[in-house]
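Residue numbers (the numbering used here): 9 to 150.
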């Protein structure tokens, strides 16, 4: 538990109470990109003009989708604006860019790339719900 346990212990001492530490399993698991869906998503994002950095297959974070991705094929494509490093996540520069025309284009491009990915997975002429059994895209498209 490390430093956080020390903080909780200090709070208990300061308030004349006691505390019991219990380590629980991680609530959010590492996300796993489906190796078949990910290249399709990248192909369609590039087709609408989005660049993809050469990122190693590493963990970028975890979320509720991480709990699903080991069981159901899933993707969580990363998209970005052309901003310098200091204009990255959680900055005023990103907020300004996202709120302008580039933000609108970004959302349109991401949606179009995802729709094309779904269409390719589904295949021409297939009925809604005809995706591979258990594919997360099927869950999203319902």
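Where a beta carbon is used, it is the ideal one built from N, C-alpha and C, also for glycine.
Contacting residues, own chain, Cβ-Cβ under 6 Å from residue i (five flanking each side not counted)
i, result
"residue 58", "117"
Identity of the residues DSSP links to residue i by a beta bridge
i, result
"residue 37", "71"
Cβ-based burial, residue i [other Cβ within 10 Å; buried from 16]
i, result
"residue 81", "buried"
"residue 121", "buried"
"residue 31", "exposed"
"residue 126", "buried"
"residue 45", "buried"
"residue 74", "buried"
"residue 21", "exposed"
Residue from the options whose Cα sits closest to the Cα of residue i
i, options, result
"residue 78", "125, 84, 41, 110", "41"
"residue 38", "90, 72, 47", "72"
"residue 115", "10, 88, 93, 128", "88"
"residue 123", "29, 14, 21, 53", "53"
"residue 86", "36, 47, 22, 26", "47"
Contacts around residue i, its chain only, beta-carbon distance under 7 Å, and the 5 residues preceding and following it disregarded
i, result
"residue 192", "Lying before the first or after the last residue shown, residue 192 is absent from the chain, which here runs from 9 to 150."
"residue 56", "117, 120, 121"
Within the region 89 to 116, ranges of the alpha helix (DSSP H) (whole runs, at least 4 residues):
Qualifying alpha helix (DSSP H) stretches, in chain order: 100 to 106.
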